[in-house]
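In this note's numbering, the protein residues as written are 33 to 1081.
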């Protein structure tokens, strides 16, 4: 029965926004729809008459009304459990989505859930493509830096948390915590102050006096003290320990962000992996915060010096992963061991050559921007201190003068590395000091005898603040505020911090940073809402894809609504999503079961009688087909063919892709695999972020070229061999980066990974729960659990334990393997069970001892057509069993057949055994079955009907294909395409290579319609479908996109 949902929307806001938006001068015209109040009454059959419409905005005679026909009202078939799981994973976002809507006089709408999803998708497309509101610009920040050692200075200049000038800062950072060398968790950097003197607690309490203040913690290390940090960052498990402890800290003390200050990765021998590890740490931190439902920020200290960047920072990737990068606009001349210089020049000077050319503030900022880092993510750090030197010659005191070493120690800071500004300005009260100005560097310096100091003053920090503002940087960072003249010993208090603030004019965020006031209603910027909805989408792609694919068509209803402003649209969408996520659903909720058929590109090379071609693939029996195999190039680490003669010269890839011409809803994937010693290039590719990116880029190019729908990673097996412990992390990163790259490119391509059942192989190479989170599916190898590498005869895929299964063999069976992965946190609906179409043969040590576990001397005889002693095809086995002398038996507990004749013994699968596996997969709720490979089934029917094993799997498991709507339904263009290009063109939607999932293609087309509407302001220009409409013989149901565009006319 169709489920009807009642939705509460904001009549007063709609009416008000309708009146506001009625002017012909409106800058962002949108199609307007009218909500009809239905109360408890049913909607009338057929179109709703104009006279029956209530007038929500009756006072505005110019309001344009449009009718949206709910073209495919569908009911969800989700179980309540699935919906609640989705809800629980995103509780924080959903609570905010619901709480951000003000209660006002309701208007009731009766509509089915699927129509609601479609309406929401249209709304989001229009909003995201229509631009953001003027109030949505990034807010400027001024970050104040507090050091937890400054309270320990001599009493006169001891700096306390109470000294922090909250009225001058938008954000305050607590520096610094570290990493424990034993357990790799977050640890205090100064326990005496942080804990015993309640430093953390006092810092967190700053929000009591200023609720809109943002607080963060810096976790940092420098040079030789970075050992524990480097060890933590080098391992996925250790990073997870650190992240978990960090989140516990954030929740305990109420901090809002974390800053990573590794100074600097990649310095020292055998530290090349630091560059990748820093990126992974930042990326995993941010993703963990998101997945936990917190809006905590992640920032990272980054250098300006090219050498340090090159050795330790993936610039573009770091900027993508982090919320902000804190660019150290100081110490740019820390390597000046032989001459005096200001440490933060703004521009090049005449003597800046070689490594010093462009080593300045402007050069550093532009280098990061040119590397792909958005200016609005860069926070420029400005030092409140100076660097001092001892001149070699008192009479030579210009910038660039020779020096003998650092200058005198500061009276209060007690170090020769730097001098606080309050120490420098106090020194200037003494006679003999001359203050000068570096005209190009735009910084002051001073000298007295053999003492020389380069520093910042109000003029120089003003120059930096103006540059940051005009360049559009995210903010400034006062580093640290406790060395400014905070007591006013030389004049007013905090002269440098005040100068930064006056010139940069940071904006104070509201206590709820995503909410801004607009008139008398709560207004949310489209960018921020879009991000929240997209995060919700990414974190729950499997559930949402299922929500969309599992609906059934029912009779459409008519809905009319008035949408006059973006906020009205967002508000409606917020309510709809809340209802959909939290509302009940009907009982039938199974995901579509898949049956994956496995084609090997060496099977065409078998002897002619049993050569297996792509034309032999029984596409009608499969929901998915995999092309096995491609590999990794040992030189450039890109995807490469493993059998160029067949794949390229004989058009193997092309013929495979053409299977969709006869089976449009078939899904095609490519397996990229290696085994044993042949895995060298694969292991090298996976061990480096840059090399993984090369591989991923080449894989995406392949997918687009040939129209495949997914990729499978078959590394058999990571972690095998000496010094291969990093394989376990690297495989996870490869899977995670593959999937994220596919998403970011807008493709619905799937990522699957082969995983073993054997515990030792899992332990050495697989982060089970993380792999299952990153991949769309795991293909669990339910075969070769035993083999001729053992010393006894056995079936290779037993279902259960037998009496002789002890030690490492206990639970080494299909059920044990599946349950082990589920117990490790892998959802059953992500597990595809691989079932082998072949058998394993042995040579018995004694012909009379032929039971299970009988001693063997080695593998059996080679197969006649496969030519291997490793395995025998089912068509070879069933053919041999026709010969006299063979006895067939059954492993009662293992639920598999075996046979023997003389000293030959073979354990294999038959129709009964694969049926047992199929029934188990169905009852266990697994995602599917994988016929591995179909070319060794009895595909010619030499022993009876064709494909007996594959048909048995299909009959017992009953797989389902996902519905596909013809490509012509998804390619849109507006009527005026041949007119001037200034009006824009709607790109082909859904053509993103490989016939992506229905959901992604539909979303692409919805966005295309929204784009067209925004540019043309007339729905009549946006419903055209490229190509001639298909005949009724080819399609009985109208296209959703055609319905969508026509309904907006």
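Virtual Cβ for every residue (Gly too), placed ideally from N, Cα, C.
Environment of residue i [buried if 16+ CB atoms lie within 10 Å]
i: residue 892; result: buried
i: residue 966; result: buried
i: residue 826; result: buried
i: residue 254; result: exposed
i: residue 199; result: exposed
i: residue 863; result: buried
i: residue 383; result: exposed
i: residue 462; result: exposed
i: residue 188; result: exposed
i: residue 676; result: exposed
i: residue 740; result: buried
i: residue 392; result: buried
i: residue 754; result: exposed
i: residue 414; result: buried
Whole-angstrom distance between residue j and residue i, CA atom to CA atom
i: residue 894; j: residue 274; result: 53 Å
i: residue 103; j: residue 690; result: With a pLDDT of 28 at residue 103, under the threshold of 50, the predicted position of this residue should be treated as unreliable, and no value is reported.
i: residue 915; j: residue 878; result: 21 Å
i: residue 661; j: residue 633; result: 7 Å
i: residue 734; j: residue 684; result: 13 Å
i: residue 756; j: residue 803; result: 18 Å
i: residue 466; j: residue 480; result: 7 Å
i: residue 1031; j: residue 927; result: Any answer about residue 1031 is weak, because its pLDDT of 43 lies below 50 and its placement is not dependable; what the coordinates show is given next. Cα-Cα distance, rounded: 40 Å.
i: residue 440; j: residue 183; result: 22 Å
i: residue 992; j: residue 818; result: 32 Å
i: residue 763; j: residue 271; result: 16 Å
i: residue 867; j: residue 828; result: 11 Å
i: residue 447; j: residue 516; result: 16 Å
i: residue 624; j: residue 865; result: 15 Å
i: residue 492; j: residue 457; result: 15 Å
i: residue 876; j: residue 888; result: 4 Å
Residues near residue i in its chain [Cβ-Cβ closer than 8 Å; skip 5 each side]
i: residue 760; result: 268, 750, 751, 796, 797, 798 and 799
i: residue 394; result: 378, 379 and 499
Unbroken alpha helix (DSSP H) run spanning residue i, endpoints
i: residue 730; result: 721–738
i: residue 952; result: 943–955
i: residue 31; result: The structure shown does not extend to residue 31, since the chain spans only 33 to 1081, so no value can be given for it.
i: residue 240; result: 238–241
i: residue 800; result: 800–806
Which of helix, strand or coil DSSP assigns to residue i
i: residue 183; result: helix
i: residue 658; result: strand
i: residue 701; result: strand
i: residue 494; result: helix
i: residue 375; result: coil
i: residue 505; result: coil
i: residue 204; result: strand
i: residue 265; result: helix
i: residue 747; result: strand
i: residue 248; result: strand
i: residue 1095; result: No answer is possible for residue 1095: the residues shown for the chain start at 33 and end at 1081.
i: residue 1152; result: Within the shown structure, residues of the chain are numbered from 33 to 1081, placing residue 1152 beyond reach of any answer.
i: residue 410; result: strand
i: residue 344; result: helix
i: residue 634; result: coil
i: residue 680; result: helix
Opening and closing residue of the beta strand (DSSP E) in which residue i lies
i: residue 891; result: 888–891
i: residue 483; result: 483–486
i: residue 929; result: 928–933
i: residue 961; result: 960–964
i: residue 865; result: 863–868
Close beta carbons around residue i, own chain, < 7 Å, minus the five adjacent residues each side
i: residue 212; result: 219 and 260
i: residue 258; result: 294
Contacting residues, own chain, Cβ-Cβ under 6 Å from residue i (five flanking each side not counted)
i: residue 340; result: 296
Residue i beta carbon near the ligand GDP (any heavy atom closer than 7 Å)
i: residue 952; result: With respect to the ligand GDP, the structure offers nothing, as it holds no ligand at all.
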